[in-house]
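Top line first, the protein sequences correspond to chains E and A. Heads up: the first sequence begins at 2 in this note's numbering, then just goes up one per residue. Heads up: the second sequence begins at 94 in this note's numbering, then just goes up one per residue. A virtual CB, placed ideally from N, CA and C, is assigned to each residue, including glycine. A short worksheet on the structure shown next.
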Amino acid sequence: MAKKILIIEDEEILLNLLKSKLSEIGYEVFTALDGVAGLEAIKEIVPDLILLDLIMPRMGGFELLEKRQEDESIKGIPIIIISNSGQPVEIEKARKLGVSDWLIKTEFDPKEVIEKVVAQIGDSS
Amino acid sequence: MSIIRIKKDDKIRGEKKKLKRNKDNSREGNSYMRDFLTFLPLSICDVSPTGMIENVNKELEELSGFTLAEVAGEYLPKLFLRAQKIKELLEKSSEEDTIKNQELTLITKIGKEITVSVSVATRKDSDNNLSGYFLSITDISAQKAIQQQTEKKIKTRTKDLEESRRAVLNILEDTEAAKVEIEKEKTRTQIVLNNFLDGLLIFGSDKKLWSINPRAEEFLKITMEEVLDKTMEEIGEITGIKELANVKKIKKKVFREELVPQEKGLILEMTIQKVGLPNKPETDTLVILHDISREKVIEQLKSQFVSVAAHQLRTPLSIIKWSLSMMIQGELGSLTDEQKEILEKTNQTNERMIRLINDLLNVARIEEGRFIYRPQAVDFNELLQDIIKPIHQLADEKKIKLKASLTKEPKVVRADTEKLALATKNLIENAIYYTEPKGSVTVSLTSKDNQLEFFVKDTGIGIPKDQQSRIFGKFFRGDNAVRKETEGTGLGLFIAKNIIEAHKGKIWFESVEGKGTTFFFTLPIIG
């Protein structure tokens, strides 16, 4: 069974780009456009990996991370932050909330994102 | 009868004898008087009741130059300058018997005028009738001359004294005017000091405070009474300003430092400056406290603005970047060579934009004072090799020979790895950007006295001399750099300098326009 990846990102173009890339190599990809929808999707899908943006409408990435910490059933799911911010204080805060990796969008292209994903959970199968 | 005759004859003889004796006595008396008068060192003149000279003694002959023969029978007034006066004198003396010490002027035979003192006594016969006058004449011209001289001297002295007095009075007047002027000036200075927006403290040559203005009292929360006559160190202790307490360590002529906030919102910049009068160089010390809270707030707002703006700008750029990347890799369908070329150029432009925004973000963080994050032990030697590896490709593209002369030993420093790598990369990439093809760039790492020494030397365009002082400034690019390479934000060296200095290092350069530039930095080694 293909591994499940949930992308929570409000920029639809980026979201779709990532989705098509990851789908292409065999992952089962789910998407959410904000934190509220994202949290629901996590609970429902229980993905193998979450790609999470930070600044989003309704519920931001950090709030979602805090909620995830409170819920034992989803606490252990690895998360990679994909954000346009990247200040050290933010990265430090995210690490404390159990984030495995952090990508600054302008510093990576989709190909490199895929590499990070594979490094985190292995290939799709 | 004969006896009687005899007696009578005897009597006549006796009388004759007596007369002869009397005559002899009189002659003797006259001769005596003459001799005496001749000898007497006083000019004497014998005058008839009508004022005719009857006799003069030797002394008067000498004084007047006339002989007795020449003046005998002449009227007395002839001998004197003012005839009327001597006439009056004689008349007066006939009433009062004697008149003493009257000042007159005697005229000598040769016409010389001599000041004399004249005393007159009347002569009377046995019936108390006026029989003439005695005059004594004393030459007082010498005394008179002395007296006149003395008088003249006194006059001169008096005049001098008068002048001195006037001079002293003038000086006093001037002093008074100067005093008033100084008072006025002092009041004016006091008004300026009291209303000055900066806090001012002035210490004298004895290192003690002699003046503090109300603004300084307000800033430091002290009163003049508390700190007057105290030293800088003592005031440093009282106010808790360690820069003042440690003032002895300051060697600079002008010391400027931002003070740790004394209260919420108040940020002061302190300047300590030695000051002196034109003829008394640098005896006093002036401490100026300038309120920079507002500047700091503005700086922070500006920084926040840049941070937010840069963040917002990154989002569309990342979308462009990812989209272009997918297209270039042919994931959205195959492209013609022309299409691919255009997209690659677009991508390069986008990358440039991303770099600019990254730089802006870094500057904003530098200015917020939260740039260096959690420094840890790093082997700079290893870090440098990692930095150089990808730059080789850039050097090859630009046809520049990149040489690295690195040590084999680890050089461990305490650093925010990411930032230190950024600073080093900026310096090496700059060297390559601003060197013409076939030029060379040399990177070197050595160490000395617990300091690592890094340099990157190029054979590039160099920095024009008149622009060298501004090269580490924000957004500054040399004229020749702008001409050569339109790309570049003018922030790389500013960032590099801030990073190196935040790591307790020093950064500097040597450059000759047209020949090349070498950038150096040092960092303290911890192991």
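Item, Value
"Run of the beta strand (DSSP E) containing A/F348, from where it starts to where it stops", "V347 to E351"
"Alpha-carbon to alpha-carbon, E/G36 and E/L65", "6 Å"
"Buried or exposed (CB count within 10 angstroms, at least 16 for buried), A/M317", "exposed"
"is_contact[A/S498, chain E] using C-beta, thresh 9 Å", "no"
"Whole beta strand (DSSP E) elements within the region 263-343 of chain A, 3-residue minimum", "292-296 and 302-305"
"Three-pair Cβ contact test at 8 Å for the region 91-101 of chain E versus the region 51-70 of chain E", "yes"
"Residues of its chain near A/A176, where Cβ-Cβ distance is below 6 Å and the 5 sequence neighbours each way are ignored", "P170"
"Neighbouring residues, chain A, relative to E/T32 (Cβ below 8 Å)", "By Cβ distance, chain A contributes nothing, its closest Cβ being about 15 Å from E/T32, past 8 Å."
"Exposure of A/N372, with buried meaning 16 or more beta-carbon neighbours within 10 Å", "exposed"
"Short Cβ contact (9 Å threshold) for A/I465 with A/I521", "no"
"Where the alpha helix (DSSP H) through E/E71 begins and ends", "G62 to E71"
"Where E/G87 falls: helix, strand or coil (DSSP)", "coil"
"Proximal chain E residues relative to A/M419, where beta-carbon distance stays under 7 Å", "L18 and P111"
"Test item: CB-CB of A/F602 and A/L584 under 9 Å", "no"
"Residue environment, A/H596, which counts as buried when at least 16 other CB atoms sit within 10 Å", "buried"
"Anticipated Cβ contact below 8 Å, E/I83 with E/K106, distance rounded", "6 Å"
"Exposure label - E/P58; buried when at least 16 CB within 10 Å", "exposed"
"Collapsed DSSP secondary structure at E/L98 in the structure displayed", "coil"
"Three-state secondary structure assigned by DSSP to A/H596", "coil"
"Under 9 Å between C-beta atoms of A/V506 and A/L513", "yes"
"Contact under 9 Å by Cβ, A/F473 with A/D384", "no"
"Segment limits, beta strand (DSSP E) that includes A/G225", "L223 to D232"
"Neighbour list for E/I14 in chain A, Cβ cutoff strictly below 7 Å", "I412 and S416"
"Per-residue contacts from E/K106 into chain A (C-beta, under 9 Å)", "R407, T408, L410, S411, I412, K414 and W415"
"Rounded straight-line distance, which links the Cα of A/Y526 to that of A/R570", "13 Å"
"DSSP-derived helix/strand/coil call for A/T528", "coil"
"Neighbour flag for A/Q422 against chain E, beta carbons, 9 Å", "yes"
"Three-state class that DSSP yields for A/D452 in the structure shown", "helix"
"Any C-beta of chain A under 9 Å from that of E/K97", "no"
"Unbroken beta strand (DSSP E) run spanning A/D472, endpoints", "Q469 to D472"
"Beta carbon proximity, E/K22 to chain A, threshold 9 Å", "yes"
"DSSP bridge partner residues for A/W415 (one or two, in chain order)", "For A/W415, which the question treats as bridged, DSSP gives no partner whatsoever."
"Integer Cβ distance of A/V213 from A/L182, believed to fall under 8 Å", "6 Å"
"Whole-angstrom distance between A/T249 and A/L262, CA atom to CA atom", "20 Å"
"Proximity test, Cβ basis, 9 Å: A/I484 and chain E", "no"
"Where E/P58 meets chain A, residues with beta-carbon distance less than 9 Å", "Those within 9 Å of E/P58 in chain A number zero; the least Cβ separation is about 13 Å."
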